[in-house]
Amino acid sequence: MKKLMISMLLLAATTLQAQKNDPVIMTVAGVDVPRSEFEYSYNKNNTDGVIDKKTVEEYVDLFVNYKLKVQAALDAHIDTTKAFLTEFAQYRDQQVRPTFVTDDEMLVEAQRVYDNTKASIGPDGLVNASHILILIPQKATEAVQQEAKRRIDSVYNALLAGADFAELAKKVSQDPGSGARGGALGLFSRNQMVKEFEDAAFALQPGELSKPVQSPFGWHVIKVTERKQLEPFEHHKENILKFLEQRNARNSITERKLNDMIKADSTLTKEKILERRADSLSATDMDLRYLIKEYHDGLLLYEVSNQNVWEKAANDTEAQATYFKKNKKKYKWDEPRFKGMAYHVKDQADVKAVADCVKKLKFDDWNEALRTTFNNDSVIRIRVEKGLFKKGDNKLVDREVFKVQDAKVDSVKGYPIDATYGKVISKPEEYTDVKGLVIADLQEEMERLWVADLRKKYSFTVNKEVLKTVNNHE
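Residues in the sequence shown are numbered consecutively from 1, following the working numbering.
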């Protein structure tokens, strides 16, 4: 009993200290928000590069609205859906998995890579060589083989007489890769070249030139410029570590560790291990805690906003039409538009036929009517562009409708007759004429109304005294 009382007193003391160091700055829908969380969000969204930078006081309303939307998502149980859980776990694990591998373990892995490389190179070390190649095709005739031998002998004699190796390689070598580089092959070890070439190269010392050497590819003359052993580990350490990071070696090591943990304890799963790891790290790393929380809440915010505002407004054509009708005066153009089509046909009779086809239809129905009437089989009778055109959008519309004298219309091969059909309007007539603007404005209106409802539904309070200490405390 005495031990229990002591534990409870210690817990209470720890809690009081935490509250003192990180006081509650606001309570939203019954959930306390510590000052550190508000500071994290404010500082991240109000860096020096942000155009619309907010003061702390201005940011409060935005943050409260954010929290209210997250609460709405939680009440809608979006956080329990399979799609949410899968996506959140993937992001959380991206942050957590690398922490299973320490820098010391990466160093051990780098040493292992170095040791394996050194062992594969072997005691003969590395050779830096160049060569000149005269190819012998497979199934070459005796005459072709003799000609190749004559040519390599000529190359060898020229080199003995003082010819520049690199210049001669560029001129005569039939190895397209190294030839352009003056014959340079770079450093290589045993078992990287065909045996005949390798044996000849490793028999040379720096500066020495081989006699003509035959391999399955043809005839070579080889010049060695350097012989060396692999440098010590410290010389290559940074490059190996960079290579391991690029190859995602941390993830591979983590996967091995996770599998070992599961083998040791059959009650564990990767999901459980990663979740516990995230909780453990978040308890001591505030930035990681809020980064993971930010993504968690961000996913909720995106989905609940889609359901209540973004997709809802974008898909509700009736609401778009109603909004446009109520706010028609706000949609204006600085110049008239041609609402119609510019088209090209093969036959003069089709000019009238096109007009007759669509004149009694709604503008949105023109495309389908034209397709089924004129382009419904293998014979394409019309090429058409339909839309809202301002001057400069379409050369045919410029010439025929806006009477631009120097408008040059490009001819359409096989469709020599050009025409337009439609009307000039000075302002939008229906919501589809400015649909993008209407959707954006409708979304803004729905967002405003939704937030107002959330503020009525959920209670929230802000501690103004704590707010004064944001980014101003020890």
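Glycine is no exception: its CB is placed at the ideal position from the N, C-alpha and C atoms.
Leaving out five residues before and five after residue i in sequence, what residues of the same chain have Cβ atoms less than 8 angstroms from its Cβ?
i, result
"residue 202", "124, 127 and 190"
"residue 57", "467"
"residue 420", "338, 340, 341, 342, 343, 396, 397, 400 and 401"
"residue 328", "428"
"residue 148", "134, 135, 136, 140, 218 and 219"
"residue 96", "274, 277, 278 and 281"
For the beta strand (DSSP E) that residue i lies in, which residues bound it at each end?
i, result
"residue 28", "24-28"
"residue 389", "382-389"
"residue 188", "184-188"
"residue 343", "337-345"
"residue 219", "218-228"
"residue 460", "460-462"
"residue 131", "126-135"
"residue 214", "213-215"
Give the secondary structure of residue i by DSSP, where H, G and I count as helix, E and B as strand, and everything else as coil.
i, result
"residue 428", "coil"
"residue 475", "Beyond the ends of the chain as shown, which are 1 and 474, falls residue 475; an answer cannot be given."
"residue 361", "coil"
"residue 473", "coil"
"residue 181", "coil"
"residue 379", "coil"
"residue 209", "strand"
"residue 91", "helix"
"residue 404", "coil"
"residue 412", "strand"
"residue 164", "coil"
"residue 353", "helix"
"residue 80", "helix"
"residue 191", "coil"
"residue 280", "helix"
Can you give the beta carbon distance from residue i to residue j, rounded, assuming they're within the 8 angstroms contact cut?
i, j, result
"residue 391", "residue 335", "7 angstroms"
"residue 364", "residue 432", "6 angstroms"
"residue 475", "residue 173", "No information on residue 475 is available, as it lies outside the stretch 1 to 474 that the chain covers here."
"residue 204", "residue 221", "Incorrect: roughly 11 angstroms between the Cβ atoms, too far for contact."
"residue 477", "residue 418", "No statement about residue 477 is possible, as the shown extent of the chain runs from 1 to 474 and does not include it."
"residue 311", "residue 84", "Contact doesn't hold; Cβ gap of about 16 angstroms is too wide."
"residue 282", "residue 292", "6 angstroms"
"residue 64", "residue 460", "6 angstroms"
"residue 320", "residue 439", "6 angstroms"
"residue 59", "residue 46", "7 angstroms"
"residue 300", "residue 48", "Actually they are not in contact, since the Cβ atoms of residue 300 and residue 48 sit about 29 angstroms apart, beyond 8 angstroms."
"residue 437", "residue 313", "That pair is no contact at about 12 angstroms."
Can you tell which of the options has the C-alpha that lies nearest to the C-alpha of residue i?
i, options, result
"residue 456", "311, 352 and 69", "69"
"residue 36", "408, 362 and 290", "290"
"residue 113", "199, 236, 26 and 286", "236"
"residue 122", "230, 305 and 273", "230"
"residue 100", "255, 440 and 299", "255"
"residue 451", "66, 275, 49 and 24", "66"
"residue 91", "288, 21 and 360", "288"
"residue 28", "42, 473 and 458", "458"
"residue 297", "74, 22 and 38", "74"
"residue 119", "42, 233, 314 and 45", "233"
"residue 414", "381, 388 and 267", "381"
"residue 86", "277, 389, 372 and 271", "271"
"residue 31", "72, 54, 164 and 316", "72"
"residue 379", "356, 346, 405 and 361", "346"
"residue 309", "89, 38 and 448", "448"
"residue 211", "266, 170, 62 and 155", "155"
"residue 471", "40, 26 and 145", "40"
Apart from the five residues just before and just after residue i, which ones in its own chain have a Cβ nearer than 7 angstroms to its Cβ?
i, result
"residue 185", "129, 130, 131 and 178"
"residue 385", "341, 342 and 394"
"residue 240", "110, 113 and 114"
"residue 332", "427"
"residue 227", "125, 127, 205 and 206"
"residue 367", "386"
Spatial neighbours of residue i within its chain, please: C-beta separation below 6 angstroms, excluding the five flanking residues on both sides.
i, result
"residue 215", "194, 196 and 197"
"residue 135", "174 and 218"
"residue 98", "250"
For the alpha helix (DSSP H) that contains residue i, what are its first and last residues?
i, result
"residue 322", "317-326"
"residue 32", "Taken as a continuous stretch (DSSP letters only), residue 32 belongs to no alpha helix (DSSP H), being part of the beta strand (DSSP E) at 31-34."
"residue 372", "366-374"
"residue 252", "249-264"
"residue 298", "286-305"
"residue 46", "Element bounds for residue 46: n/a, residue is neither H nor E."
"residue 446", "435-457"
"residue 76", "Taken as a continuous stretch (DSSP letters only), residue 76 belongs to no alpha helix (DSSP H), as it is neither H nor E."
"residue 110", "103-121"
"residue 239", "233-246"
"residue 139", "Neither: residue 139 is in no alpha helix (DSSP H) and is coded neither H nor E."
"residue 199", "195-202"
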